[in-house]
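Student: Numbering (this note's numbering), first residue to last: 1 to 130.
Each residue gets a CB set at the ideal place from its N, CA and C atoms; glycine is no exception.
Once you've had a glance at the structure underneath, I'll fire off some questions.
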């Protein structure tokens, strides 16, 4: 089976062929861009790097972050994740998902009503949803 990322939106499942992806969003209060780079690694998501273009409202870059251009770059302490849960709502812009340089709102990759969304390797999705 090839590497795939699964998006679970409510009870809907979307399978995307991807071994790497970037998750991007704008902080709802500070309105600055935050980005996280992931690798789909078997049953895990590996968070390889992160960037944030500002600070404030609970989003301080860690002490080892390095300023490159307009963003603070760093490696998160917790890097191995089983899944990423996203609370999506009408109160802010939708998350963006970038696969092979193609960045689109999650609603373009998974055309379902806004609802809590889980990103996980497809190997982790319960068989009843696949």
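#1: Using the Cβ count rule (16 or more neighbours within 10 Å means buried), how would you classify residue 117?
#2: Is residue 84 closer than 8 Å to residue 119 when the C-beta atoms are compared?
#3: Can you determine whether any heavy atom of the ligand ZN sits closer than 7 Å to the C-beta of residue 8, and answer yes or no?
#4: Taking residue 19 as the reference, which of 39, 111, 32, 72 has the closest Cα?
#5: Who are the near neighbours of residue 61 in its chain, counting only those whose CB is closer than 7 Å to its CB and skipping five residues on each side?
#6: Return helix, strand or coil for residue 33, following the three-state DSSP convention.
#7: Can you find the residues in the same chain that come closer than 7 Å, C-beta to C-beta, to residue 46, ignoring five residues on each side of it along the sequence?
#8: Determine, using beta carbons only, whether residue 21 and residue 122 come nearer to each other than 8 Å.
#9: Express the C-alpha separation of residue 96 and residue 3 in angstroms, rounding to a whole number.
#10: Compute the distance between the beta-carbons of residue 94 and residue 105, then report whether it is under 8 Å.
Tutor: Taking the coordinates as given:
#1: buried
#2: yes
#3: This structure lacks the ligand ZN; in fact it carries no ligand of any kind.
#4: 39
#5: 52, 55, 72, 74
#6: strand
#7: 38, 39, 79, 80
#8: no
#9: 20 Å
#10: yes
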